[in-house]
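Residue numbers (the working numbering): 7 to 297. One structure is given here, and the rest of the page talks about it.
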Amino acid sequence: MAAAIISHRDPNAIIGSFAVDHMIPGDDAFLSAVAEAAEVATQGYLVTIGIAPSGPATGVWLYTTWRQAWTTKCAKCPHRERFQGKPRCAHCPGVREHGYLPMERWNVRHQSLLELLKEYKPALHEGLMEIAGKWDGEALRAEALEKIWPGLEKIPIDNAVAEPAAEQGRVAVVPATFGWDDVGDISTLADMLPAEASQPQILGDNRLGHLLHVIFTSPLYFTSTFTAVVTEQMAGGVIVPGSRHLVAYLGVDDLVIVDTPDALMVTTRTRSQEVKRLVNKCRDAGWNNLL
7 MAAAIISHRD PNAIIGSFAV DHMIPGDDAF LSAVAEAAEV ATQGYLVTIG IAPSGPATGV
67 WLYTTWRQAW TTKCAKCPHR ERFQGKPRCA HCPGVREHGY LPMERWNVRH QSLLELLKEY
127 KPALHEGLME IAGKWDGEAL RAEALEKIWP GLEKIPIDNA VAEPAAEQGR VAVVPATFGW
187 DDVGDISTLA DMLPAEASQP QILGDNRLGH LLHVIFTSPL YFTSTFTAVV TEQMAGGVIV
247 PGSRHLVAYL GVDDLVIVDT PDALMVTTRT RSQEVKRLVN KCRDAGWNNL L
């Protein structure tokens, strides 16, 4: 949508998309990589920044080298040697040697992106361009969004454009080495926060500097919402207290427990990226008030 709107305002613009849930230490290295990606984008490529991975991850995409398609180089992967979103293979011990994890930050000439979209998803392109043509008129924009937007295909740029473009050699990757974490789940967020030895991480205002934090021998934590958390022999877990009553955990490791006034969720750290499956089930059941 942004590319379609910008096409009416700046015919030479390079556009970029940046995720809000990424942690990047080292501004200079990041800005340098973005500048290089923008320069490569002037050649007509769809460009992303690739980070050397620390190990296999199924929640992100994997590319090989500059201007090559995604591959895990793993004999157990059914879709190797081509670009594919969110690899489902849990094996892939060689990803550190063979590939880069993309940051889901795209840099591209808006004209190039629209050309790719028109080629791969013509109906979506047509609808977006029609909305963009009416964007500057408030009444026309509202009417177009109401009539056209609901009928457009809902699909990520990764699947709509990046996959087919990569197979045609139209995706470029700028390798980078700065630190990067995709904070896409509670487990990843917890790893960034301090915790007592052999104790779970308590996520809430107490880890953000806005609450009273009292530790007893249990230990016992009080949050600003007056939630008390008691743990005993619980290691590696993550607790998000928010129910305003005492919650206690004994002898369970590596659990993720989110306790709120109207819902309780329990999972493991290894499966915390799958929470969306529960969200979808709640939505299907009509429990939208809990989402």
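Built from N, CA and C at the ideal position, the CB exists for glycine as well. In this text the structure is predicted, and so the values were computed from the model without any measurement.
Closest by C-alpha distance to residue i, when choosing among the options
i	options	result
Thr194	Gly139, Met7, Thr266, Asp27	Asp27
Thr54	Ile12, Pro31, Val114	Val114
Val246	Trp186, Pro206, Lys160, Val281	Pro206
Ser278	Val264, Ala172, Ala291	Val264
Ala254	Ile208, Ile192, Thr48, Trp293	Ile208
Ser23	Glu45, Ile163, Asp33, Trp155	Ile163
Asp188	Arg15, Asp33, Asp16, Ala25	Ala25
Gln196	Arg15, Met29, Asp16, Ala148	Strictly speaking, residue 196 in this sequence is Ala, with Gln absent from that position. Of the listed residues, the one whose Cα sits closest to Ala196 is Met29.
Beta-carbon proximity of residue i to residue j, cut-off 7 Å
i	j	result
Lys153	Leu146	no
Asp259	Gly248	no
Ala269	Leu252	no
Val262	Arg275	yes
Cut-off 7 Å between Cβ atoms - residues of its own chain near residue i, not counting five sequence neighbours on either side
i	result
Ala9	Ile21, His116, Leu119, Leu120
Gln239	Leu256, Gly257
Thr231	Below a pLDDT of 50, predicted positions are generally treated as unreliable, and Thr231, at 46, falls in that range; no measurement from the model is reported.
Alpha-carbon to alpha-carbon, residue j and residue i
i	j	result
Leu52	Glu132	20 Å
Leu123	Gly50	13 Å
Leu130	Pro31	37 Å
Trp112	Gly257	45 Å
Asn295	Pro267	13 Å
Glu136	Ala150	8 Å
Gly143	Asn18	23 Å
Thr48	Val177	13 Å
Ile12	Leu37	22 Å
Met198	Gly190	12 Å
Met7	Ala166	13 Å
Val101	Asp33	Because the pLDDT of Val101 is 41, which lies under 50, any placement of that residue in the model is unreliable, and the question is left without a value.
Asp16	Glu125	22 Å
Gly157	Arg289	20 Å
Leu297	Ala148	27 Å
Ala291	Ala172	38 Å
Trp293	Trp155	25 Å
Cβ shell of residue i (< 6 Å), same chain only, five flanking positions each side left out
i	result
Val180	Ala39, Glu42, Ala43, Ile55
Glu159	Leu130
Met271	Val264
Lys282	none
Residue i, buried or exposed, once every other Cβ within 10 Å from all chains shown has been counted against 16
i	result
Leu134	buried
Ala138	buried
Lys287	exposed
Trp186	buried
Ile192	buried
Lys127	buried
Neighbourhood of residue i by C-beta distance below 8 Å, restricted to the same chain and skipping five residues each side
i	result
Glu280	Thr273
Val46	Val53, Asn113, Ala178, Val180
Ile161	Lys127, Leu130
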